[in-house]
Amino acid sequence: MSSVDVQPPVSEARTSPGFVALFRIEMLLALRKRADIANPLLFFVTVLALLPLGVGPEPDLLAKMAPGMIWVMALLATMLSQESLFRGDFEDGTLEQLTLLPQPLYFAVLAKSLVHWVATGLPLALLSPLLALMLNLPVEGYLCLFISLFLGTASLSLIGAIGAALTVALRRPGLLLALIVMPLYVPVLIFGTGAVQAAIDGYAYSAQLAILAALLAAAAALAPLAAAGAIRISLDN
Amino acid sequence: MEFQFSSFADFLAMDGHGIFVWISYAVTFAALAAMALYPRLARRRLQRELQHQQRISQRRQKVKAARQAVKEPA
Amino acid sequence: MAWQWFHRLGSPRWFYQKTNVWLPWLALASVVLLSVGTVWGLGFAPEDAKQGNSYRIIFIHVPAAFLALAGYYIMAISGAIGLIWKMKLSFAVMRAAAPIGAVLTFISLFTGAVWGKPTWGTYWVWDARITSMLILLFLYIGVMALSQAVSREQVADKASALLALVGTVNIPIIYKSVDWWFTLHQPATIRLTESSSIDPSMFYPLLTMIIGFYCMYAWTLLTHTRALLLRREVRTQWAQQELAGGK
Amino acid sequence: MSVTSKSPVVLQVRDLACERDGRRLFEGLDFSLPSGAAIQVKGANGAGKTTLLRTLIGSSSDFSGEILWRGNPFPEALRGMRESLLYIGHRGGVRAGLTPLENLTWYGADNESALQALDRVDLFGFEHSLCHSLSAGQNRRVALARMFLPQAPRLWVLDEPLTALDVAGVAALEKQMSAHMDKGGSILLTSHQPLALPGLDFIDLSDFVVDESFTDIGGEHVFS
Chain A
33 MSSVDVQPPV SEARTSPGFV ALFRIEMLLA LRKRADIANP LLFFVTVLAL LPLGVGPEPD
93 LLAKMAPGMI WVMALLATML SQESLFRGDF EDGTLEQLTL LPQPLYFAVL AKSLVHWVAT
153 GLPLALLSPL LALMLNLPVE GYLCLFISLF LGTASLSLIG AIGAALTVAL RRPGLLLALI
213 VMPLYVPVLI FGTGAVQAAI DGYAYSAQLA ILAALLAAAA ALAPLAAAGA IRISLDN
Chain B
354 MEFQFSSFAD FLAMDGHGIF VWISYAVTFA ALAAMALYPR LARRRLQREL QHQQRISQRR
414 QKVKAARQAV KEPA
Chain C
4 MAWQWFHRLG SPRWFYQKTN VWLPWLALAS VVLLSVGTVW GLGFAPEDAK QGNSYRIIFI
64 HVPAAFLALA GYYIMAISGA IGLIWKMKLS FAVMRAAAPI GAVLTFISLF TGAVWGKPTW
124 GTYWVWDARI TSMLILLFLY IGVMALSQAV SREQVADKAS ALLALVGTVN IPIIYKSVDW
184 WFTLHQPATI RLTESSSIDP SMFYPLLTMI IGFYCMYAWT LLTHTRALLL RREVRTQWAQ
244 QELAGGK
Chain D
37 MSVTSKSPVV LQVRDLACER DGRRLFEGLD FSLPSGAAIQ VKGANGAGKT TLLRTLIGSS
97 SDFSGEILWR GNPFPEALRG MRESLLYIGH RGGVRAGLTP LENLTWYGAD NESALQALDR
157 VDLFGFEHSL CHSLSAGQNR RVALARMFLP QAPRLWVLDE PLTALDVAGV AALEKQMSAH
217 MDKGGSILLT SHQPLALPGL DFIDLSDFVV DESFTDIGGE HVFS
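Protein chains in written order, with this note's numbering: chain A, 33 to 269; chain B, 354 to 427; chain C, 4 to 250; chain D, 37 to 260.
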């Protein structure tokens with residue numbers, strides 16, 4: 033037998049999926065699991081429809097509560113759907129394969145968080161004018177509500193990924209994930225509702241939106257790193 | 354710097370605010386005391402566990418030794 | 004440093020023996036300082052012009068609030084040391100610091116609420132400081148809940164260390180946003196901690212209490228860490244001798 | 037195909053010790069995996085076979101000793117190693133929401149070679165049906181199909197590859213493994229079932245196990 037090197041050497045660098053490929057596949061998966069997209073939206077709409085039943089239909093009372101309620105419900109809807117971010121991949125072993133890719137895990141987590149945002153946060157933002165109408169939110173607030181939700185839910189998805197990664201290997205992560213992530217959501221909630229409130233009262237709200245954008249930038253840079261570290265730790269369980 | 358209150362009763366009452374002050378101090382020092390005692394309890398529990406385990410392993414050795422003795426003479 | 008599990012610097016046995024010496028002195032210092040500070044603050048410090056005697060709660064509320072925050076950073080830093088250098092000792096310090104910090108946060112919340120009654124007429128007020136303290140309590144509870152939920156001890160340590168680190172990045176942001184939120188909704192009222200003037204007669208008892216609380220914190224942290232180390236190292240000879248021979 | 041002594045060493049382990057839950061699983065482990073060779077890791081359940089594999093692919097860092105990929109140590113060499121690593125663990129790594137073809141393209145294969153590989157694990161006709169509609173055996177074969185891709189990575193690390201395979205499947209896998217070794221690839225695997233693979237070496241972890249007496253795991257203190 034001739035020496036080993038005569039045969040064509042086995043291919044060196046395997047072509048593993050880059051960020052765009054990962055994003056496309058995750059998007060494909062998200063679209064196939066229609067329920068995972070619809071659930072948070074249905075939750076968002078039904079709970080907000082319950083509000084007038086609970087609080088009473090007086091228009092001015094609802095108008096006062098609308099920004100806060102819409103934002104809190106958006107936060108809860110995002111958090112509810114956060115749990116399934118890594119769980120499916122953990123159970124079928126693809127999460128482990130993601131950690132073995134040559135390029136950093138950061139990109140895979142970023143791709144998954146963005147897909148989660150496109151599947152839950154974005155539809156919430158697009159739907160928010162309808163909810164604002166139902167809760168008699170003054171018209172000046174509509175645009176600001178959309179922009180604040182658009183930016184805010186992206187940060188929520190990114191920050192929530194840390195909680196999802198920390199609890200991916202646990203049997204019943206639901207409550208613990210909420211407990212871990214809730215304090216981290218506070219700044220986004222405060223500036224999100226603050227912006228809409230300022231828009232309603234006629235003040236300038238660009239400062240609050242700027243802070244929301246800054247929070248998003250920080251979350252996009254740091255949260256996937258923490259989530260990647262958390263995944264490697266949880267997989268060792 | 355001298356004692357601010359005329360009598361001990363006055364010190365307790367602190368003209369109306371005493372109840373709040375004393376509750377706060379009581380709860381605070383109770384919590385601190387609980388934290389101080391906890392390691393002692395944990396240590397005692399651990400000692401009991403250890404002795405329990407040692408007794409079990411001794412008994413297991415005795416049983417093994419007995420079985421050994423039964424096999425040898427054959 | 005080679006990426007491998009080198010002989011750990013702070014081996015648990017060395018820590019246990021070294022702290023044997025410090026503990027009694029720390030205990031003595033905290034008892035003396037706390038008793039002197041309490042008697043001084045309750046009995047000898049002058050009444051506050053506006054708030055009357057209820058301000059005497061400051062002597063335990065402020066030190067507890069300081070330590071609640073400092074305790075979180077101590078927990079996160081020892082967690083980070085554990086993550087980077089894989090030191091069992093620093094993970095034990097982190098696990099011990101979590102409940103202590105939570106209790107101190109609860110103390111500062113409780114004393115703040117009780118203090119609010121005479122000052123504002125209700126027990127719970129969404130004052131900026133108290134709200135931030137509440138969120139800090141949730142952060143502590145999150146770390147403790149996570150470390151209980153994970154079955155394998157090593158993984159639980161690393162996961163809660165990482166969560167503590169994420170928490171430290173967020174604490175300044177949370178405090179700033181709560182402050183901004185508080186000034187937005189609340190017209191200027193008496194801020195809880197700034198009593199009218201910190202003249203020497205109030206400052207020195209407060210300083211004594213703060214130092215006393217720090218000594219107490221150090222003593223409690225060390226004793227909790229030692230108890231945890233004994234449990235974690237129960238299979239080693241030195242731990243068993245310690246347990247057998249211990250008082 | 038004989039492994040000549042001069043063939044390049046792909047993966048080398050020196051004096052490796054692994055710890056899990058405070059217990060030392062094994063220590064003093066030395067071996068080297070040349071290209072074109074295969075090593076099966078034997079050992080009782082819980083002796084640390086899976087822990088060893090996870091340590092060698094860099095998924096766990098609680099170890100002492102040295103791991104060298106083509107001469108340079110972890111973690112610097114980790115990225116290089118992962119560019120030529122194919123790892124199949126207990127969980128197959130097959131996405132239920134994707135079709136077998138999409139699963140393989142996800143691992144970086146082009147359509148044509150993916151179809152070829154699926155055919156060789158006789159999944160012809162199932163390429164486009166979603167994996168959650170396939171049986172467990174078929175899903176297992178989709179996971180193993182990655183080994184049948186023409187440009188498969190150089191180092192294969194397989195944890196119990198033969199589980200849930202029928203006799204024909206095992207034979208096909210053994211044939212593919214020896215073909216991979218002929219092409220200069222190397223394999224590290226664990227398996228409960230016997231494997232008919234020419235030139236297969238063995239390592240028995242029980243030769244390196246620490247006896248479970250009350251050792252001072254805390255280690256001597258450094259400062260006197």
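Every residue gets a Cβ at the ideal spot worked out from N, C-alpha and C, and that includes glycine.
Query: Exposure of Asp-130 (chain C), with buried meaning 16 or more beta-carbon neighbours within 10 Å; Result: buried
Query: Val-218 (chain A) at chain C interface by Cβ criterion, 7 Å; Result: yes
Query: Lys-219 (chain D): first and last residue of the uninterrupted alpha helix (DSSP H) it sits in; Result: It is not in any alpha helix (DSSP H) - Lys-219 (chain D) carries neither H nor E in the DSSP assignment.
Query: Segment limits, alpha helix (DSSP H) that includes Leu-83 (chain A); Result: 66-87
Query: Assigned secondary structure, Asp-202 (chain D) (DSSP; H/G/I helix, E/B strand, else coil); Result: coil
Query: Distance between beta carbons of Pro-134 (chain A) and Ala-260 (chain A), contact taken as under 8 Å; Result: The pair is not a contact, with the Cβ atoms about 14 Å apart (cut-off 8 Å).
Query: Contacts of Trp-127 (chain C) in chain B (Cβ-Cβ under 9 Å); Result: The contacting residues do not exist; Trp-127 (chain C) stays about 14 Å from chain B at best.
Query: Helix, strand or coil at Asp-92 (chain A) according to DSSP, with G and I counted as helix; Result: helix
Query: Runs of alpha helix (DSSP H) lying entirely within the stretch 360-389 of chain B, each at least 4 residues, in chain order; Result: 361-366
Query: Selected residue, minimal CA-CA separation from Asp-158 (chain D), among D:Ala-145, D:Ala-179, D:Pro-111, D:Val-193; Result: D:Ala-179
Query: Cys-218 (chain C): first and last residue of the uninterrupted alpha helix (DSSP H) it sits in; Result: 203-235
Query: Proximal residues of chain D, C-beta to C-beta of Ala-203 (chain A) below 7 Å; Result: Correcting the residue identity first, residue 203 (chain A) is Arg in this sequence and not Ala. The contacting residues do not exist; Arg-203 (chain A) stays about 16 Å from chain D at best.
Query: Contact with chain C by Ala-395 (chain B), beta-carbon distance below 7 Å; Result: yes
Query: Residues bridged to Asn-108 (chain D) [DSSP beta-bridge criterion]; Result: D:Trp-105
Query: Beta strand (DSSP E) runs wholly inside the stretch 130-205 of chain D, at least 3 long, in chain order; Result: 191-195
Query: Same chain, Cβ closer than 7 Å to Lys-161 (chain C), five either side skipped, listed in chain order; Result: Leu-86
Query: Cutoff 8 Å; reference Met-136 (chain C); Cβ partners in own chain excluding five residues on either side; Result: Ala-68, Ala-71, Thr-108, Ser-111, Leu-112, Gly-115
Query: CA-to-CA distance, Gly-195 (chain A) to Ser-199 (chain C), given in whole angstroms; Result: Only weak support exists for where Ser-199 (chain C) lies, its pLDDT of 47 falling under 50; the value from the coordinates is given anyway. The alpha-carbon atoms of Ser-199 (chain C) and Gly-195 (chain A) are separated by roughly 43 Å.
Query: Residues near Gly-371 (chain B) by beta carbon distance below 6 Å, same chain, minus five either side; Result: Leu-365
Query: Status (buried if at least 16 other CB within 10 Å, exposed otherwise) for Val-77 (chain D); Result: buried
Query: Those residues which DSSP pairs with Thr-199 (chain A) across a bridge; Result: Partner(s): none; Thr-199 (chain A) has no beta bridge.
Query: Ser-154 (chain C) at chain B interface by Cβ criterion, 7 Å; Result: no
Query: Coarse secondary structure for Leu-133 (chain A), derived from DSSP in three states; Result: coil
Query: heavy atom of the ligand HEM below 6 Å from Leu-201 (chain D) C-beta; Result: Questions concerning the ligand HEM fall outside what the structure shown contains, since it holds no ligand whatsoever.
Query: Status (buried if at least 16 other CB within 10 Å, exposed otherwise) for Val-203 (chain D); Result: exposed
Query: Cutoff 7 Å: Pro-41 (chain A) Cβ touching any chain C Cβ; Result: Residue confidence for Pro-41 (chain A) is low, a pLDDT of 48 falling below 50, so the modelled location carries little weight and cannot support an answer.
Query: Terminal residues of the alpha helix (DSSP H) in which Val-218 (chain A) lies; Result: 206-233
Query: C-alpha gap between Ala-150 (chain D) and Lys-179 (chain C), whole angstroms; Result: 54 Å
Query: Alpha-carbon spacing of Ser-68 (chain D) relative to Leu-127 (chain A), whole angstroms; Result: 29 Å
Query: Contiguous beta strand (DSSP E) assignments of at least 3 residues, all confined to the stretch 71-127 of chain C; Result: none
Query: Proximal residues to Tyr-138 (chain A) (C-beta, below 8 Å), its chain only, five neighbours per side dropped; Result: Pro-256, Leu-257, Ala-260
Query: Residues of the stretch 133-158 of chain C with Cβ closer than 8 Å to any Cβ of chain D, in chain order; Result: Arg-155, Glu-156, Gln-157
Query: Sequence-distant residues of its chain with Cβ nearer than 6 Å to Pro-245 (chain A) (five each side left out); Result: Here residue 245 (chain A) turns out to be Ala, not Pro, going by the sequence shown. Around Ala-245 (chain A): Leu-183.
Query: Alpha-carbon spacing of Glu-123 (chain A) relative to Leu-167 (chain A), whole angstroms; Result: 41 Å
Query: Nearest-angstrom Cβ-Cβ length linking Phe-99 (chain D) and Ala-153 (chain D), presumed shorter than 8 Å; Result: Wrong, their Cβ atoms sit about 34 Å apart, outside the cutoff.
Query: Positions along the stretch 108-123 of chain D whose CB lies within less than 7 Å of some CB in chain A; Result: Arg-115, Arg-118, Glu-119, Ser-120, Leu-121, Tyr-123
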